[in-house]
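Below is one structure; the comments refer to it alone.
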Amino acid sequence: MKPLPVLLLLAAPAPAAPEDQVPGAGNLRAWIDHVRPAESERGWEAIPWRNGFLRGVEEAKRLERPVLLWTMNGNPCGET
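Note that our numbering gives residue 381 to position 75 of the sequence shown, counting from 1, and the numbers run on in steps of one.
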């Protein structure tokens, strides 16, 4: 592995967190604003997702559309 790309990645600026790094009553609004996704990052919410595979397949056949099957094994936060 080449060290320069790794160093550049580690040196990349991270999104600015609220001044006080510990969430509390005094900075709760700043933390909420910091972690809440921007409007430009919420496009996936407009997609009419289906939570049942069979229902999705039936609808996809009827509308002649593809099916995206998203599966996961483990913790949804990636802590596996």
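Glycine is no exception: its CB is placed at the ideal position from the N, C-alpha and C atoms.
Bear in mind that the values here come from a model prediction, so they are computed numbers and not experimental data.
What number of angstroms, rounded off, separates the C-alpha of residue i from the C-alpha of residue j?
i: W350; j: W337; result: 23 Å
i: V363; j: H340; result: 38 Å
What three-state label does DSSP hand residue i in the structure shown?
i: I338; result: helix
i: L360; result: helix
i: E287; result: Since the first residue shown for the chain is 307 and the last is 386, residue 287 is missing from the structure and cannot be characterised.
i: A366; result: helix
i: W355; result: coil
i: W376; result: coil
To the nearest whole angstrom, what separates the beta carbons of residue i and residue j, a pair I think is in contact under 8 Å?
i: F359; j: L375; result: 7 Å
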